[in-house]
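K.L.:
Quick one: this structure, given as structure tokens, is what I'll be asking you about.
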Amino acid sequence: MSTKYEAVIGLEVHAQMKTATKIFCGCPTTFGAEPNSQTCPVCCGMPGVLPVLNRKALEFAVKTGLALNCRISPYSRFARKNYFYPDLPKAYQISQYELPICEGGWVDIMVDGQTKRIGLTRIHMEEDAGKNIHEGTAYSFVDLNRAGTPLMEIVSEPDLRSPQEAAAYMRKLRTILRYLGVCDGNMEEGSLRCDANVSVRPAGQKEFGTRAELKNINSFRFVEKAIEYEIARQIRVLEEGGKVIQETRLWDSAAGVTQSMRSKEEAHDYRYFPDPDLTPIIVDRSWVDTLKASLPELPDAKQERYKTVFGLPEADAEQLTAELPVATWFEQVVGAGAQPKAAANWMMTELMKYLNDDNRTIDDCPIQPAQLAGLLTLIDKGTISGKIAKTVFEEMYATGKDAAAIVKEKGLVQISDSGAIEQALDEILARHPAELERLKAGDEKLVGFFVGQLMKAMRGKANPQIANELLRKKLN
Ligand SMILES: [Zn+2]
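Residues 159 to 634, numbered by our numbering, are exactly what the sequence shown covers, in order.
The structure is reproduced here in structure tokens:
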């Protein structure tokens, strides 16, 4: 971005809550069911029906507010947001307007190694609309399975300054929501999506520029790309002497551009008013305290503990805490007696590589945490070398057997008997007199050559430290 301008970005993230049933009726929320099979008179907007708030949805919204440092409103209520669309059978969406469940709060993100605090405006609960399907036929269809699915809308302050910050914020939110178990964060299925308010202003100017709202962003990559495109577009308009107009723009991921959809609507266009079918929500303080006490250790606290208690570097702590099941797995390896740094290294390199290649998650890893700890103990004790350990690991992954059993079965125990190593080394030195002369003349590259030859002769089982020491001794 040109340094002449500064971008100002705020995100509205819609997170689908992981409740078993919808927000105002008992219909299931399972993804991918037969169209319109998960509907009832309430979510189809039949006349005369009465919505009833799903307590779990309220619990999830309050938990999220607590985790994101918000004030939990003791009194909030639902409002009707009136508009007509074929996927909205009531012709209004039940949302929250002037009295949302959570206000204020913040999320800390990492930007170029620095912590940046992004303020939150509010979190409110609302119901999702259904889905219109236009593709592949001459007709349009409406699927109401999604109508009434509980959503949280998490609204940030306009504190973000770059597409990268926006993506980092979105990732951090996803991590926290998944830790809490309130949203599965599955962006492909639309469980987490965002709208971005983007404007630019000349660097140093206090007032905000006119903003455009980008709709329908459903991946981390697209968050960056859509905002990047929009910033460049607005700068171009200003540079050409034009004016940015306030409007809603749709991100077209195939074309990589944002396109004008409609002029931006204002809140008063929706004629919000309190929903007379739903009682106000009065949240009991002691219930909030109970929920607060039930929160899991959150990613920031966990990351800090990994650095201070386990002595891990920042990058390791960040990577291991990004997903709760990975963090739990790591803690189990350490709990079984492994050195934290060694456990972290093996998990982030070998284990993740195998799982990725296999398209598996840590939840269906064929190796148990205690088994990795067992392998690390064998390396620690000098029973096997780090190199042999990789072979053992491969076998463990394929068979689910313990490291010690594999080492025994395949005769992989490291040879630390200096007599045996010396004998093999003498033979190799005798076989390569020219290389030996060059080494003696100071060509240090030959150390690697001889150790390599020795390892080959001893099928990788020689203790490398002893091999190196013996070679040095021979040279003197
Ligand atoms: Zn229903």
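Positions of the beta carbon are idealized from the N, C-alpha and C atoms, including for glycine.
Being a predicted model, the structure only gives us computed values, none of them experimental.
Taking the beta carbon of Gln272 as the centre, do at least 16 other beta carbons fall within 10 Å, making it buried, or is it exposed?
P.N.:
By the 10 Å Cβ count, Gln272 comes out exposed.
K.L.:
Here's the rule: buried if 16 or more other CB atoms are within 10 angstroms of the residue's CB, otherwise exposed. What is Thr307?
P.N.:
Flag for Thr307 reads buried.
K.L.:
Using a threshold of 7 Å, is the CB atom of Gly288 nearer than that to any non-hydrogen atom of ligand 1?
P.N.:
No, the Cβ of Gly288 stays beyond 7 Å of every heavy atom of ligand 1.
K.L.:
Roughly how many whole angstroms lie between the Cα atoms of Glu346 and Ser377?
P.N.:
Distance between the alpha carbons of Glu346 and Ser377: 7 Å.
K.L.:
Using CA atoms only, rank isn't needed, just tell me which of Ile167, Gly493, Glu285, Gln581 is closest to Asp245.
P.N.:
Checking every option, the nearest Cα to that of Asp245 belongs to Glu285.
K.L.:
Quick one: which unbroken alpha helix (DSSP H) runs of 4-plus residues sit fully inside the stretch 176–205? Chain order, please.
P.N.:
Taking only runs of at least 4 residues, no alpha helix (DSSP H) segment lies wholly in the stretch 176–205.
K.L.:
Closer than 8 Å is the cut-off here; do at least three beta carbon pairs connect the stretch 308–328 with the stretch 466–473?
P.N.:
No: the two stretches stay apart, fewer than three of their Cβ pairs being nearer than 8 Å.
K.L.:
With 16 as the cutoff for other CB atoms within 10 Å, does Thr188 come out buried or exposed?
P.N.:
Result: exposed.
K.L.:
Going along the chain, which residues put their C-beta within less than 5 Å of some heavy atom in ligand 1?
P.N.:
That query returns the following residues: Cys183, Cys185, Cys198, Val200, Cys201.
K.L.:
Once the 5 residues before and after Val609 are set aside, which same chain residues still bring their CB inside 6 Å of it?
P.N.:
The answer, listed in chain order, is Ala625.
K.L.:
Exposed or buried, what is Ala109 when buried is set at 16 or more other beta-carbons lying within 10 Å of its beta-carbon?
P.N.:
Any property of residue 109 remains undetermined from this structure, which presents the chain solely from 159 to 634.
K.L.:
Roughly how many angstroms lie between the CA atoms of Asp560 and Ala459, to the nearest whole one?
P.N.:
Rounded to whole angstroms, Asp560 to Ala459 spans 33 Å at the Cα level.
K.L.:
Just how far apart, CA to CA, sit Lys136 and Lys619?
P.N.:
With the chain covering 159 to 634 only, the question about residue 136 has no answer from this structure.
K.L.:
What first and last residue would you give for the alpha helix (DSSP H) that runs through Arg379?
P.N.:
From DSSP, the alpha helix (DSSP H) with Arg379 extends over 378–397.
K.L.:
In its own chain, which residues sit with a C-beta less than 6 Å from the C-beta of Leu594, not counting the 5 before and 5 after it?
P.N.:
Closer than 6 Å at the Cβ level, and outside the excluded window around Leu594, lie Leu587.
K.L.:
Between which two residues does the beta strand (DSSP E) holding Ala305 run?
P.N.:
Ala305 -> no beta strand (DSSP E), and no H or E assigned at all.
K.L.:
For my contact list, Met616 and Ile573 are in at a C-beta cut-off of 8 Å; report their separation, rounded to the angstrom.
P.N.:
Indeed they touch by this definition, with Cβ atoms about 6 Å apart.
K.L.:
Just the Cα atoms here: how many angstroms apart are Leu331 and Asn194?
P.N.:
So the alpha carbons of these two residues sit roughly 31 Å apart.
K.L.:
Specify the secondary structure class of Tyr426 as computed by DSSP and reduced to three states.
P.N.:
Per the sequence shown, the amino acid found at residue 426 is His instead of Tyr. Reduced to three states, the DSSP call for His426 is helix.
K.L.:
Alpha carbons only, please: which of Ala480, Trp487, Ala531, Glu552 is nearest the one belonging to Gln497?
P.N.:
Of the candidates Ala480, Trp487, Ala531, Glu552, the one whose C-alpha sits nearest the C-alpha of Gln497 is Ala531.
K.L.:
Using the C-alpha atoms, what's the distance from Met310 back to Glu382?
P.N.:
Whole-angstrom Cα-Cα distance: 22 Å.
K.L.:
Leaving out five residues before and five after Val300 in sequence, what residues of the same chain have Cβ atoms less than 7 Å from its Cβ?
P.N.:
Closer than 7 Å at Cβ, skipping near neighbours: Pro244, Asp245, Gly288, Asn290.
K.L.:
Just reading off the beta strand (DSSP E) that Ala370 is part of, what are its end residues?
P.N.:
Per DSSP, Ala370 belongs to the beta strand (DSSP E) from 370–375.
K.L.:
Under 8 Å by Cβ, that's how I've got Glu405 and Ser418 pegged, so tell me the actual separation to the nearest angstrom.
P.N.:
Contact holds; Cβ gap of about 6 Å.
K.L.:
At which residue ranges does the stretch 542–576 contain complete alpha helix (DSSP H) runs of 4 or more residues, listed in the order of the chain?
P.N.:
Here the runs fully enclosed are 544–557, 561–568.
K.L.:
From what residue to what residue does the alpha helix (DSSP H) around Glu293 run?
P.N.:
Counting along the chain, Glu293 falls outside any alpha helix (DSSP H), and DSSP gives it neither H nor E.
K.L.:
Three-state secondary structure (DSSP) at Tyr327?
P.N.:
Three-state DSSP puts Tyr327 in a helix.
K.L.:
Nearest-angstrom Cα distance between Gln526 and Leu338?
P.N.:
Their backbone Cα atoms lie some 24 Å apart in a straight line.
K.L.:
State the beta-bridge partners of Arg229 as determined by DSSP.
P.N.:
BP columns for Arg229 point to Glu261.
K.L.:
Between Gly495, Arg280, Gly203, Cys201, which lies nearest to Lys539 when the distance is taken from Cα to Cα?
P.N.:
Among Gly495, Arg280, Gly203, Cys201, the Cα nearest to that of Lys539 is on Gly495.
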